[in-house]
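Student: The opening position of the sequence shown corresponds to residue 6 in our numbering, with each subsequent residue numbered one higher. Virtual Cβ for every residue (Gly too), placed ideally from N, Cα, C.
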Amino acid sequence: MASSGKSDKLSKFEMLKLLENCRKERDDALQRESVLKEKLRQYETRMRSSEAQRQKLKTLMAETKELKKQVKTLRTEIGLENSPSFNGKTTKDVVNDLL
Numbered sequence: 006m007a008s009s010g011k012s013d014k015l016s017k018f019e020m021l022k023l024l025e026n027c028r029k030e031r032d033d034a035l036q037r038e039s040v041l042k043e044k045l046r047q048y049e050t051r052m053r054s055s056e057a058q059r060q061k062l063k064t065l066m067a068e069t070k071e072l073k074k075q076v077k078t079l080r081t082e083i084g085l086e087n088s089p090s091f092n093g094k095t096t097k098d099v100v101n102d103l104l
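Now the structure itself:
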């Protein structure tokens, strides 16, 4: 009987040790989950920011294209495209020459 009692205590000790290991594994897993969730949140934030920058660039490129068309039309209307003294000059150079 004495050995049976000793066996029970060893079994309880092993059970407590196993329980301790399981708790540690659980805590470690929760910590890893927390770290991964934070990394995912940061990644999603960067992705949204990148997409917003892409859209802004796309808008600016469209605006630039439209402004270039308008400048070309205005240069033609005021005769800069046909004038030998201004032919081939940028709009900035033309403005500087006129000042």
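(1) May I ask you to report which of helix, strand or coil DSSP gives K94?
(2) E86 and R80: beta carbons closer than 7 Å?
(3) Work out the CA separation of E56 and V100 for me, nearest whole Å.
(4) Mapping DSSP to helix, strand and coil, what is L72?
Tutor: Based on what the coordinates show:
(1) coil
(2) yes
(3) 37 Å
(4) Note: L72 maps to helix in three-state DSSP.
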